[in-house]
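All the letters of the sequence shown, read from the start, carry residue numbers 1 to 279 under UniProt numbering.
C-beta: ideal position from N, C-alpha, C; glycine also.
Contents: one structure, followed by commentary.
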Amino acid sequence: MKRVLAHSVYVDSPTDFVVDSRAIAKKDDGKVTCTITNPSGTKTENLITPQADGTYRISYTPFEEGRHTIDILYDGLPIPGSPFVVNVRRGCDPKKCRAFGPGLQKGIVEKANAFTVETKGAGTGGLGLSIEGPSEAKMTCKDNRDGSCSVEYIPTEPGEYDVSIRFADQHIPGSPFKVQLLICDLDNIVMKFSQRVPVDKHVDASLVKAYGPGLEPSQCRTGSPLTFKVDASKSGKAPLDVKIRSERGTEPCLNILLSRIMEMEPMMLPILHHLKEVQ
């Protein structure tokens, strides 16, 4: 029987620990119980939640400062090491906070980009959120009442944003987060054509022209969406293939979006691509 307890616990801060009983042969009446005794002799309520992996997560929020005794029983018998002693103190530790989610890695403009902040076990302190970048981003924060909150923000311009997360006026690990906001989700684009592209009998590739900021060295920036156009209106009809090469060779993972401009010449195509920094 194993248990994992926090090294430091703070007053009024939700915290939890795990009891691992997987090494014990299961019984129908086998049960984990927990009693937490405060310095004053009163009891602190706790919640025992069975996990899918066969462990048990025990959550509680201490309200008194000082020495707490935690008795853990399995099938009515103390587990090894029980009772445990936990020192509860006032204060906070921003390093115990964590933030995660797709909205801290990349995002899309004009859409809600989400991430989660967990302050469980970090003590008491105010949570501060800010986003700096090319545009002002509308932000909402929902308290999940479990030591975490769900955050959404909606930017209006593409580019690099700094997402700062502070707890008790101090940055949490990883903050500020650098996030690239794009005009569309290039990773999930699937191009579908209802008809095959007809191929003319006479095709002259030398008459194809490509131009635009995405082909100008002075206009290209790592991590930013780039566009250029391909004009094949005078070369004859044929399939168009686009490949991007770097110092490492062809980059199959680069995002390339070909969109046909129907109101222009039949083979005038704007192309959006996204450069990644060469490691």
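Beta-carbon gap between residue i and residue j smaller than 9 Å
i      : j      : result
PRO158 : PRO134 : yes
LYS43  : TYR74  : no
GLY174 : ALA99  : yes
PRO94  : GLY66  : no
TYR161 : GLY107 : yes
LYS120 : ASP16  : yes
GLY128 : CYS92  : no
GLU45  : VAL11  : no
LYS229 : LEU207 : no
SER150 : CYS141 : yes
Residue environment, residue i, which counts as buried when at least 16 other CB atoms sit within 10 Å
i      : result
VAL117 : buried
ILE58  : buried
HIS68  : buried
GLY54  : exposed
CYS34  : buried
ALA144 : Before going on, a small fix: residue 144 reads as Asn here, not Ala. Per the 10 Å Cβ criterion, exposed.
ALA205 : exposed
ALA137 : buried
LEU182 : buried
LEU104 : buried
LYS209 : exposed
ILE24  : exposed
VAL203 : exposed
GLY123 : buried
VAL85  : exposed
TYR56  : buried
GLY214 : buried
SER21  : buried
Inter-residue CB distance, residue i and residue j (contact presumed, cutoff 8 Å)
i      : j      : result
LEU226 : ALA232 : Not really, about 20 Å apart at Cβ, beyond 8 Å.
ASP71  : PRO62  : With 8 Å as the limit, ASP71 and PRO62 do not qualify as a contact, their Cβ atoms being about 15 Å apart.
ASN113 : PRO102 : 7 Å
ILE154 : GLU110 : 7 Å
Where the beta strand (DSSP E) containing residue i begins and where it ends
i      : result
GLY159 : 159 to 167
PHE17  : 15 to 20
VAL32  : 32 to 37
ILE79  : ILE79 -> no beta strand (DSSP E), and no H or E assigned at all.
HIS68  : 66 to 74
THR55  : 55 to 60
LEU47  : 46 to 50
LYS209 : 209 to 211
If you scan the UniProt repeat "Filamin" (89 to 181) from start to end, which runs of the beta strand (DSSP E) of 3 or more residues do you find wholly inside it?
98 to 100, 106 to 108, 113 to 118, 127 to 132, 138 to 143, 148 to 154 and 159 to 167
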